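Using the numbering used here, the letters of the sequence shown correspond one by one to residues 48 to 236.
Beta carbons: idealized from backbone N, C-alpha and C, even for Gly.
Treat the numbers as computed from the prediction; the structure is a model and nothing was measured.
For reference, the structure is listed below as structure tokens.
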Amino acid sequence: RMIVLVGLALLLVYLFWRQPVHWQRIYLAGTLAAVLLVTGEKTVERIAETGRIFDTTLTTPWEDMQVWCAQNTPTDALLMTPIYIEGFRSFSKRPIYGTYKDGAPHNYSRKTIFRWWARMQALGLSLPWNRAAFPSLYHQHALSVARENNIRFVIYEKSIALPPVAPLYENQQFAIFETPALPDSSATN
48 RMIVLVGLAL LLVYLFWRQP VHWQRIYLAG TLAAVLLVTG EKTVERIAET GRIFDTTLTT
108 PWEDMQVWCA QNTPTDALLM TPIYIEGFRS FSKRPIYGTY KDGAPHNYSR KTIFRWWARM
168 QALGLSLPWN RAAFPSLYHQ HALSVARENN IRFVIYEKSI ALPPVAPLYE NQQFAIFETP
228 ALPDSSATN
């Protein structure tokens, strides 16, 4: 994608200098519009908020936890993450047990929708959704489901509950624990 953008930019710069002034403005506006279309809505938001096209700083504790997992867990490690917070795969590049939003793409596969639904039921979810209950259900069931499925790492939101052992890593909002180190009971404050 970047090579196409650079090629397009070079072509437009060449055409830009060969045209009268009013055409130069049109080419410049077209180039800017093409770049924004290709890079997407997030780039427009970032430019509006920070004035920069690229923002390499991590902005949330959730992203920080993902980066820590990418650097400190095996690439094939399955992680138990809060089912009510999506996007963990983005920076972590690690598979997760699932989130409630994972159900949408599974609607197209009869085989996987039932597997996803069984996972959500194991974590205490039922119909109709009660999103307000998701955090407490996750914290109540995450450890037992992780043990049943040989999931080595469990992430908890610190404001709800933490096991009585030292985490592998923690930040302002989240803590990650290794399942074998956790006591058999559910997470408690």
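*Just how far apart, CA to CA, sit proline 67 and tyrosine 74?*
Counted from its first residue, the sequence shown places residue 67 at position 20. Counted from its first residue, the sequence shown places residue 74 at position 27. Taking the straight line joining both Cα atoms gives about 11 Å.
*From the DSSP output, read off the bridge partner residues of phenylalanine 224.*
Within the sequence shown, the letter at position 177 stands for residue 224. Per DSSP, Val201.
_Can you tell me whether isoleucine 207 is helix, strand or coil according to DSSP?_
Numbered from 1 along the sequence shown, position 160 holds the residue referred to as residue 207. Residue state, collapsed to three classes: coil.
*Determine the direct distance from the alpha carbon of glutamine 187 to that of asparagine 236, and round the result to whole angstroms.*
Numbered from its first residue, the sequence shown carries residue 236 at position 189. Numbered from its first residue, the sequence shown carries residue 187 at position 140. Summary for asparagine 236: the model assigns pLDDT 47, below 50, so the residue's position carries little reliability, and this model does not support an answer.
*State the DSSP-derived secondary structure class of leucine 57, mapped to helix, strand or coil.*
Mapped onto the sequence shown, residue 57 falls at position 10. Here leucine 57 sits in helix by DSSP.
_Below-8 Å beta-carbon distance, valine 212 vs any chain C residue_ = Checking the listed chains, one finds no chain C in this structure; it contains a single protein chain.
*Ignore the nearest five residues each way along the sequence and tell me which others in arginine 136's own chain have a CB closer than 7 Å to its CB.*
Here residue 136 refers to the residue found at position 89 of the sequence shown. Around arginine 136: Ile143.
*N- and C-terminal bounds of the alpha helix (DSSP H) containing glycine 182*: Taking the sequence shown and counting its residues from 1, the one referred to as residue 182 is at position 135. Per the sequence shown, the amino acid found at residue 182 is proline instead of glycine. Where proline 182 is concerned, the enclosing alpha helix (DSSP H) stretches over 181 to 195.
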